[in-house]
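Protein chains in written order, with the UniProt record's numbering: chain A, 1 to 342; chain B, 1 to 335; chain C, 1 to 493.
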């Protein structure tokens, strides 16, 4: 509706809005507003190399985990097991580092690290496969399946490590976590690459087209001859795989692995995705929207940090932003409704 | 009466009860300490907090909603109430009044937002969890309150008997609170017209509106009651913990949800019972307690719990598929 | 007779749509009144205004027992004795029969007493002479039983006016007769009954007066005795139709699909049929006759227990609808809103969904231009009126939505097209457009199975018509050799 209304307005912003979508233009406007406000309040304290670089180091963890949450949300589901999957992958890779990787750098040193990482990601795929099969074949609701998987997977991590922190990784991990190429943090480059790949997958592959159809109406999509169960299984594999990559990023950033890292991220990823315009009931959403939402959240967090506000106040503002955005949407709706009678 | 019994045997609660009884019998024989009044009282005491929250959450779920924010609500309630009694001489009435009152208010706020924003209640309450929790941590600077008034530390308790060695059995606030919450939920859901209206809202929101039941008012009852129980639960939790730690409770919301769902409540709304919730809670508690008594390393308990939960939800989904299919058929046929 | 309800100058606008335009309506105590009109003529909106769900636009007045009602709410409407039985029945599947019937009793805030609940339910059932187990959950009841619960609920509350929205759509003839009997029972107790229906014959059997709506305007109120179903049809559609049956197929063509002795227990028994290239085979029968279930088996979605399906003369086993599509079979569901199309998603996505894997280009990505060409082609070919291919399907009219449904199946290049009630919720003019498309497709050699419970639809648009009842084929008719009434009789028998 709004796209059409925008289009009817002559000139101005209308073509731009149509080009990038209503949700993304609103998010961009919010982002610009925040940049303006924080720019006036904080000025150079926020917009200098060091602050921007620190944001670029912090954003990727939550970013990749949010992508892991986004895919099942698009399909009309949810994945609560992403954080525990991330941690189990990190622990597995850490264990394999200790078991396989020789102390001396060399060909074997590199090969074995790759083997360890691939094995970790393969494990993520297995978790996703199990989630997907339970959701698609047994038709258990995604919330419950992944809630159970979350407890189970975390339980395995705790059982194996007794809750201890695992450290002592090859220098590669330190470089991934803290290194930069041409001034851009490596984790940021990884995030950009992953987001770009996900954007292509969701916008330009048949899988991506079908995920949104399934997300809006699984039955109707099945009646169209689509193997919806297979699509759902792929959704949860993709989610777990992304969670696994998120786990590796966390591992590199903290230079350690643990069964309970990043648990507070779980609900935040849902919040970020919904703020980024991913419909909680499925079917609609773009990677670009999510990325803008993540930048907004990160900007608020860093600015509050610089203003010496508690990091926890950031949580309040994050939650409040979502409520406010939803509330503004409702107010617009009501106004449009009232206009009809005048 | 007999047909009623047979109907009961087909319900989810009955099957869950059978599993729970089997587990109970097994643990009674397999371990030395499980089958004792003392262990029972200990279990009730340690599960009072999640249990009371489950008693509140089942009301929200029956009404077709979902609340994730109740741990933050409980944290705020106990922080406010305990801060107040540390400064002024308010006694039990003041403590309960402030905790329950603040829980109720935050619950009502949730209800208004969920009704008015018209987006999924899980999303609204996740956002509100962060709002509440962030505010609490900001205002309290994350500091715990470690000194509680003596009368509160002592709590309320009654000796209700003793074992062979003369060790007393104690009925404490936690067990009373747990009993009270379940009793109130039962009264609300099964013995008031409001309870039936909540169930109607969860079963078919559009039809409930057509009958003239107000969605806002019923949501205020459901989420308000959730806030009320969160306030009540926060008092007994702080008493047993002997302190108020602002970040102690947040993070446990999904455990409570697990107990309610295990008890047969459907996230689609309209279905859920007090007895089922209690049995679901008892099953989780017994799995946990039994594993420890059986000598299983406590590090593996989450793993087993997760497995039990997954098996249970898969079974429930399997059973419910037929019911849902029946409902869908009517809707499709009528449309 | 006293006037119970008077509506004066009722209008209602939803956004850009004028749903009702200055409608007047009187309902007298104890009369049986029929509200007739095409889908989308404003019947449902009018009912919701009477029930207090929607307020009328300023200028309209509602009088109950001669008293003007300002700001009628659902609760007030119920209190004044107006009961609506909606098409979806508005029951609570998670509650028992007794609770559903006595739901009104559970208003307010007080302790619940089960005694009155049971008593109200029992007396309501006695009054209209039905018996159901009070403690069963509504989710366990059949559709006809649920309908009875809804009627009991309406009569439990000292109703003065019962409005039934399409009450017969899902009932068998016997159940319809029972319902008509119930209506007379309500009338005897001087309860007014308003039937909303598009099944004209049933309505004329029982109604005393008929009010016809067309495009939100009232065409008039008529005495039912002077009314024929043909005249009513003309009033509803606003024009008279000259129908022509189809000429018989010329030269013999090879069969596309044959079925021998197909059975699926509980759904259909011993079905044998065959459809040829260029032939339109009509299948009619009431809901529950097994017509849709048979179609789903031909489309590979419900496995038959026994029997053979032959495609182009070769026996096939269809494990899923994907295999059916590979064999050139396409199926347009009767339930367009929830099974036929993904309403919230763009038109382009809906057209392309069946063939998305055929549109892959470089690197296995969906070729945007190939997709665009496909969508453009079918929009042009079927004359679909749209704003942009990126608009949601839900923004289209019923007729255009159904054309999108046709487009997505024609894109697969089918040899057999199964259309299940293709004109439900489509305006008359748009119906004709769809019939023309279907005839053109058949002329080009496509085999079509046209399933419908609207007898004229299959009679005037098929080469042959099969009648199904209780899961069996009970008759075969060729429209160019018989009368429409003969077919009607065969369905009602």
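We put the CB at the ideal spot given by N, CA and C, even for glycine.
is_contact[residue i, chain C] using C-beta, thresh 8 Å
i	result
residue 219 of chain B	no
residue 199 of chain B	yes
residue 221 of chain A	yes
residue 329 of chain A	no
residue 371 of chain B	The question about residue 371 of chain B has no answer, for chain B in this structure spans 1 to 335.
residue 217 of chain A	yes
residue 16 of chain A	no
Residue-chain proximity (residue i, chain B), Cβ-Cβ < 8 Å
i	result
residue 214 of chain A	no
residue 158 of chain A	yes
residue 99 of chain C	yes
residue 280 of chain A	yes
residue 106 of chain C	yes
residue 351 of chain A	There is simply no residue 351 of chain A to check, as chain A begins at 1 and stops at 342 in what is shown.
residue 229 of chain A	no
Run of the alpha helix (DSSP H) containing residue i, from where it starts to where it stops
i	result
residue 116 of chain C	114–127
residue 482 of chain C	Careful: residue 482 of chain C lies outside any alpha helix (DSSP H) and carries neither H nor E.
residue 209 of chain A	206–216
residue 218 of chain C	Looking at the DSSP string, residue 218 of chain C is not in any alpha helix (DSSP H); the run it does join, the beta strand (DSSP E), is 217–223.
residue 408 of chain C	398–410
Sequence-distant residues of the same chain with beta carbon closer than 6 Å to residue i, five excluded per side
i	result
residue 258 of chain B	309
residue 163 of chain C	47, 84 and 194
residue 149 of chain A	81 and 131
Status (buried if at least 16 other CB within 10 Å, exposed otherwise) for residue i
i	result
residue 206 of chain A	buried
residue 385 of chain C	exposed
residue 420 of chain C	buried
residue 209 of chain A	buried
residue 50 of chain A	exposed
residue 394 of chain C	exposed
residue 401 of chain C	buried
residue 29 of chain B	exposed
residue 37 of chain A	exposed
residue 71 of chain C	exposed
residue 129 of chain C	exposed
residue 307 of chain A	exposed
residue 184 of chain A	exposed
residue 311 of chain A	exposed
residue 38 of chain C	buried
residue 338 of chain B	This structure cannot speak to residue 338 of chain B, because chain B is shown only from 1 to 335.
residue 105 of chain C	buried
Contacts around residue i, its chain only, beta-carbon distance under 7 Å, and the 5 residues preceding and following it disregarded
i	result
residue 57 of chain C	11, 12 and 13
residue 508 of chain C	Because residue 508 of chain C is not part of the residues shown, which for chain C are 1 to 493, the question remains open.
residue 48 of chain B	174, 175, 177, 178 and 236
Cutoff 8 Å: residue i Cβ touching any chain A Cβ
i	result
residue 386 of chain C	no
residue 294 of chain B	no
residue 373 of chain C	no
residue 109 of chain B	no
residue 117 of chain B	yes
Start and end residues, beta strand (DSSP E) containing residue i
i	result
residue 33 of chain C	32–36
Residues near residue i in its chain [Cβ-Cβ closer than 8 Å; skip 5 each side]
i	result
residue 441 of chain C	410, 417 and 448
residue 153 of chain B	239 and 242
Three CB pairs or more closer than 8 Å across the stretch 29–42 of chain C and the stretch 203–212 of chain C: Taking 8 Å as the limit for Cβ pairs, the verdict is that the stretch 203–212 of chain C does touch the stretch 29–42 of chain C.
Given 8 Å, three or more beta-carbon pairs between the stretch 245–256 of chain B and the stretch 98–108 of chain B: The answer is no - the stretch 98–108 of chain B does not touch the stretch 245–256 of chain B, with fewer than three Cβ pairs under 8 Å.
The stretch 36–56 of chain A in contact with the stretch 108–127 of chain A per 3-pair CB rule at 8 Å: In this structure the stretch 36–56 of chain A does not touch the stretch 108–127 of chain A; the number of beta carbon pairs closer than 8 Å is below three.
Stretch-stretch touch, CB-based, cutoff 8 Å, three pairs: the stretch 111–119 of chain B with the stretch 271–280 of chain B: Under the Cβ criterion (8 Å, minimum of three pairs), the stretch 111–119 of chain B does not count as touching the stretch 271–280 of chain B.
Three CB pairs or more closer than 8 Å across the stretch 317–330 of chain A and the stretch 130–142 of chain B: Counting Cβ pairs under 8 Å, three or more are found: they touch.
Validate contact between the stretch 126–145 of chain C and the stretch 95–111 of chain C using beta carbons, cut 8 Å, 3 pairs: Contact annotation: the stretch 126–145 of chain C touches the stretch 95–111 of chain C, with at least three C-beta pairs closer than 8 Å.
Contact between the stretch 462–471 of chain C and the stretch 268–287 of chain C (3+ Cβ pairs under 8 Å): Taking 8 Å as the limit for Cβ pairs, the verdict is that the stretch 268–287 of chain C does touch the stretch 462–471 of chain C.
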